[in-house]
Amino acid sequence: MSVPAFTSVLFLCVANSARSQMAEALARARWGDRVRVASAGSQPTRVHPYAIEVMRERGLDLGSHHSKPVLEIDPSAVDLVITLCADEVCPLFLADVPRLHWPLPDPAGADPSLARDDLLARFRRTADAIEARLAELDRERAGVREDRE
Numbered sequence: 038m039s040v041p042a043f044t045s046v047l048f049l050c051v052a053n054s055a056r057s058q059m060a061e062a063l064a065r066a067r068w069g070d071r072v073r074v075a076s077a078g079s080q081p082t083r084v085h086p087y088a089i090e091v092m093r094e095r096g097l098d099l100g101s102h103h104s105k106p107v108l109e110i111d112p113s114a115v116d117l118v119i120t121l122c123a124d125e126v127c128p129l130f131l132a133d134v135p136r137l138h139w140p141l142p143d144p145a146g147a148d149p150s151l152a153r154d155d156l157l158a159r160f161r162r163t164a165d166a167i168e169a170r171l172a173e174l175d176r177e178r179a180g181v182r183e184d185r186e
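Residues in the sequence shown are numbered from 38 upward in steps of one, following the working numbering.
If you want it as structure tokens, here you go:
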């Protein structure tokens, strides 16, 4: 896959409560001021408390973040869209920009039987997966692609 040059990234999922919020925080930590990073959702709710907790474990603060509707994003300010939906229908972003799809399951899921520790583990796995994707994206931008097993 050829990764387009970009200076701004929009992470999209449905609720903008977990995956896209964590991706935004992790990308900002990785890229600093070199890349403008935002996140949004088609049906924004609130930032999930476990996303806040897992990012805090990594030294990142989501406490001031809020879920944003995709319609609030200026299409002219986005160079690359990364969708993070797995089983859900991913939100549309109508700007003519390159897109990547990282199908990650929603760590919040709808399983009421999961204990707090199990849910936190899901959020941690999701954060780890996002970190790995960001690292891969950096390698691809640099032209050093590692084959996946």
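For each residue, glycine too, the CB sits at the ideal point set by N, CA and C.
If you draw a straight line from the Cα of ILE89 to the Cα of PHE130, it is about 26 Å long. Residue pairing by DSSP places PRO106 opposite GLY78 in a beta bridge. Take the alpha-carbon of VAL115 and the one of ALA152: they are about 38 Å apart.
For VAL46, the pairing in a beta bridge is given by DSSP as VAL74, LEU117. Distance from the CA atom of LEU141 to the CA atom of ALA123, rounded to whole angstroms, is 5 Å. Of the candidates MET92, THR163, VAL134, SER79, the residue whose Cα lies closest to the Cα of ALA145 is THR163. Look at ARG136 here: in three-state DSSP terms it is strand. The three-state reading of DSSP puts PRO112 in helix, counting H, G and I together.
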